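**Student:** Residue numbers (our numbering), protein chains in the order written: chain X, 1 to 265; chain U, 1001 to 1490. One structure follows; several queries about it will come next.
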Ligand SMILES: Nc1ncnc2c1ncn2[C@@H]1O[C@H](COP(=O)(O)OP(=O)(O)OP(=O)(O)O)[C@@H](O)[C@H]1O
Ligand SMILES: [Mg+2]
């Protein structure tokens, strides 16, 4: 844990962006998330860690109501974005998802050109007034997704023709193009090489200056490098949530400690 | 010996061979199947295969070749004087065969003794009478040469079949013994059976392909015959279709253009109805409908697909035609003369195609991965944006395929046209006029009593060929589109 000390940690001053209380998620009979309370702060990177199948993706999907698209999923509890309940009847999940963007665990580029993939969100939300502006947004997003140099000569090629890692970065670029206030990233680097990973981490760090980012990761090092807050999930429970430095150097719960040191997983 | 018995005997030999082969294999390994190269059942199957396959092969070949051989032999026996003016040798041969079968059945029923039936000097009138008594069809008086020919036809046939039965059983036995002796622990029965399975599958595939080739060849040859009698340019570019049924050729105009136009016009109307409605229904069912609605609506649509086209034809004739006539007929807008029109047939055909388009498209839309939709929702797109910009483009190749498949069905449809569109071949733009299609005309050309060698009948093959090329072109085009999008999106 050498690199821990090198990360300068700026905390506590931020206001709470997303407040989650008593969250429960059921898939039919399965109780996948149990009594989870988490505060996602503004201008902060929050990392979710935990063994496979513990409910990280499920909880992440609650934050922009993506669980609505799963028939068997039921979500309970209160989720407040800037003080407003996002599960309120009056809230349009479509509007919400424009504010709370998402990068999925598996890359899912659309069957369109690379350009159209990135321009998809801006077009839907009318972010660009003309073609030149759209071009600019696309280029900026692709640069932030650390993929611009690889695709700048073939923006018209289908996004599905890229390699797995490139597709993932394309999806990241696509998500940042809509300028979400909260960006949810589900294992964004699991298919990336160290260089691209470093670039994505740089992007996350850059996004932190304006938005809040939630990242699910299986890499302790990554969580330690990029996040200020860390939540450790285990079997659907939130075991521990706090400052990243605190969690990694001095965890309170024995389960957290054994997971971090690699004894359960 | 009846064929069924022969087959059963061969199967029985194979079954016994199976059991013995299996037993011998086990025995050769000292009763321990682990000492064998293959599982014991493979040794049994090996024996059964080597018993049945050559025997049945011989049986099939023999059944195909013997009639040809006997026919040519008997045909040579008939003197030229027996072939009347205006008749042909094949007609006389048909008479011979009929007499032979008549004798066969009469003997079986006991109306005539075996001796009398095969007596070369029998009284012809007597034989004819007893055939009639036996209820056999005898067209004209049987002449002496015909009776003789029929008698030797019987002899040759029954002799041939006896030899065949013996040969088949011998081959089966030989196969069984040979493969039974082959059986020992080292023998690779599993590989042999695998080969056998491969050959079996190959045979099935080749039968399918050969039949198609046969049908196409017969179309081609008959079309060729037609073009010898009728100029091809008149057929392809002629704008009138008026076959004469009175005499032989000469006065008929057999231009395909009015029929092609009718076919295309009706199909286009049908597709204009079916594609939007079918596609929208599919989108509703797969994206918007609750599981309950879906579980109820989808089978309903599929029932619609199961209605025979003749019922749709009735619907066109009795319901849609009169309805349209009320609105567009002389009492209404005055565009329509009778209930049968392009519009009537097109609308009804469109209804027929809706379940076809919707059911195929629904499956295709459902096959678009959920991850793709999630990606779009995750960017804040709503449902119709997601469908329009992500789901449909991803499903497009399949949907195009479904539409083109529907188009080939529309082009090939006959019953609805006959009942809904009338029988008049004409080139007109008015969709409320009666027109007819290629398929409907094929029916009417062949169901009349025109001579089969006349251009009026042979034109059916040329029409069939045209239709075949049309649908083939459509299918090739569909494949091309599907490939093109596949390359782009996968
Ligand atoms: N669509 C679904 N239907 C039913 N059960 C589901 C569904 N999605 C997830 N689950 C269940 O919910 C639990 C949590 O799954 P989730 O995908 O959130 O795990 P995760 O922590 O993201 O794991 P990983 O690290 O492997 O991605 C698992 O037990 C899983 O089987
Ligand atoms: Mg996950």
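Using N, Cα and C, we set each Cβ at its ideal position, and we do this for glycine too. None of the values given here were measured: they were computed from a predicted structure.
Applying the criterion that 16 or more other CB atoms from any shown protein chain within 10 Å of the CB defines a buried residue, is residue 1119 of chain U buried or exposed?
**Tutor:** exposed
**Student:** Does the CB of residue 1376 of chain U have a neighbour CB from chain X at under 9 angstroms?
**Tutor:** yes
**Student:** For residue 33 of chain X and residue 58 of chain X, which I take to be in contact (beta-carbon distance under 8 angstroms), what is that distance rounded to the nearest angstrom?
**Tutor:** With 8 angstroms as the limit, residue 33 of chain X and residue 58 of chain X qualify as a contact, their Cβ atoms being about 6 angstroms apart.
**Student:** How long is the line joining the alpha carbons of residue 1201 of chain U and residue 1445 of chain U, rounded to whole angstroms?
**Tutor:** 39 angstroms
**Student:** Which residues of chain U have a Cβ atom closer than 8 angstroms to the Cβ of residue 64 of chain X, listed in chain order?
**Tutor:** 1378
**Student:** Does the structure place the region 167-176 of chain X close enough to the region 108-123 of chain X that three or more beta carbon pairs sit under 8 angstroms?
**Tutor:** yes
**Student:** I want to verify the contact list: residues of chain A whose CB lies under 9 angstroms from the CB of residue 232 of chain X, in sequence order.
**Tutor:** The chain inventory of the structure shown lacks chain A, comprising the protein chains X and U.
**Student:** Within its chain, find whatever has a CB closer than 8 angstroms to the CB of residue 1313 of chain U; leave out the 5 residues flanking it on each side and keep chain order.
**Tutor:** Within its own chain, the residues whose Cβ lies closer than 8 angstroms to the Cβ of residue 1313 of chain U, once the five positions on either side in sequence are excluded, are 1348, 1415, 1416, 1418, 1419, 1420, listed in chain order.
**Student:** Do residue 1030 of chain U and residue 1179 of chain U have their C-beta atoms within less than 9 angstroms of each other?
**Tutor:** no
**Student:** On the criterion of 16 or more Cβ atoms from any shown chain inside 10 Å, does residue 212 of chain X qualify as buried, or is it exposed?
**Tutor:** Residue 212 of chain X sits buried, since 16 or more C-beta atoms from the chains shown fall within 10 Å of its C-beta.
**Student:** Under 8 angstroms: does the beta carbon of residue 219 of chain X sit that close to some heavy atom of ligand 2?
**Tutor:** Flag unset: Cβ of residue 219 of chain X not near ligand 2.
**Student:** At a CB-CB cut-off below 9 angstroms, which residues of chain X make contact with residue 1389 of chain U?
**Tutor:** Within 9 angstroms Cβ-Cβ: 110, 112, 116, 120, 123, 124.
**Student:** With DSSP run on the structure shown, which of helix, strand or coil describes residue 1341 of chain U?
**Tutor:** Reduced to three states, the DSSP call for residue 1341 of chain U is coil.
**Student:** Using 8 angstroms as the cut-off, can you tell me whether the region 1386-1405 of chain U makes contact with the region 1218-1229 of chain U, which would need three or more C-beta pairs spanning the two stretches below that distance?
**Tutor:** no
**Student:** Whole angstroms is fine: what's the gap from residue 1370 of chain U's alpha carbon to residue 1386 of chain U's?
**Tutor:** 11 angstroms
**Student:** What separation, rounded to the nearest whole angstrom, lies between the Cα atoms of residue 1280 of chain U and residue 66 of chain X?
**Tutor:** 25 angstroms
**Student:** For the candidate residues U:1469, U:1442, U:1212, whose alpha-carbon lies nearest to that of residue 1456 of chain U?
**Tutor:** U:1442
**Student:** For the beta strand (DSSP E) holding residue 1046 of chain U, just list the boundary residues, first then last.
**Tutor:** Per DSSP, residue 1046 of chain U belongs to no beta strand (DSSP E); it is in the alpha helix (DSSP H), 1040-1077.
**Student:** For the region 72-99 of chain X, which residues have a beta carbon sitting closer than 9 angstroms to at least one beta carbon of chain U?
**Tutor:** 92, 93, 94, 95, 96, 97, 98, 99
**Student:** Name, in chain order, the residues that DSSP records as bridge partners for residue 1242 of chain U.
**Tutor:** U:1253
**Student:** Using a beta-carbon distance below 9 angstroms, is residue 17 of chain X in contact with chain U?
**Tutor:** no
**Student:** Assuming contact is defined by CB atoms lying nearer than 9 angstroms, are residue 1205 of chain U and residue 1270 of chain U in contact in what I supplied?
**Tutor:** no
**Student:** Rank U:1065, U:1406, U:1076 by C-alpha distance to the C-alpha of residue 1273 of chain U and give the top, closest one.
**Tutor:** U:1406
**Student:** Of the residues X:36, X:235, X:31, which one's Cα is nearest the Cα of residue 21 of chain X?
**Tutor:** X:36
**Student:** In three-state terms, what does DSSP make of residue 15 of chain X?
**Tutor:** coil
**Student:** Where in the region 1170-1234 of chain U do unbroken runs of the alpha helix (DSSP H), each at least 4 residues long, occur, reported from the N-terminal end onward?
**Tutor:** 1189-1229
**Student:** Just to check, is the beta-carbon of residue 24 of chain X closer than 8 angstroms to a non-hydrogen atom of ligand 1?
**Tutor:** no
**Student:** When every heavy atom of ligand 3 is checked, does at least one fall within less than 8 angstroms of the C-beta of residue 56 of chain X?
**Tutor:** You won't find ligand 3 in this model; what it holds is ligand 1 and ligand 2.
**Student:** Would you report the Cα separation of residue 1471 of chain U and residue 1324 of chain U, rounded to the nearest angstrom?
**Tutor:** Straight across, the Cα-Cα distance linking residue 1471 of chain U with residue 1324 of chain U is about 30 angstroms.
**Student:** Could you tell me the distance, in whole angstroms, from the CA atom of residue 1283 of chain U to the CA atom of residue 1291 of chain U?
**Tutor:** Between residue 1283 of chain U and residue 1291 of chain U, the C-alpha separation is close to 14 angstroms.
**Student:** Considering only DSSP beta bridges, list what residue 33 of chain X is partnered with.
**Tutor:** X:25
**Student:** Examine the Cβ distances between the region 1145-1156 of chain U and the region 1066-1077 of chain U and report whether three or more of them are shorter than 8 angstroms.
**Tutor:** yes
**Student:** Anything in chain U within Cβ reach of residue 101 of chain X, meaning under 9 angstroms, just list it in chain order.
**Tutor:** 1378, 1379, 1380
**Student:** Figure out for me which residue from U:1259, U:1182, U:1484, U:1362 has the closest Cα to the Cα of residue 1438 of chain U.
**Tutor:** The shortest Cα separation from residue 1438 of chain U among U:1259, U:1182, U:1484, U:1362 belongs to U:1259.
**Student:** Let me check understanding here. Comparing Cα to Cα, which of U:1358, U:1089, U:1287, U:1170 lies closest to residue 1383 of chain U?
**Tutor:** That would be U:1287, whose Cα lies nearest to the Cα of residue 1383 of chain U.
**Student:** Residue range of the beta strand (DSSP E) that residue 182 of chain X falls in?
**Tutor:** 182-186
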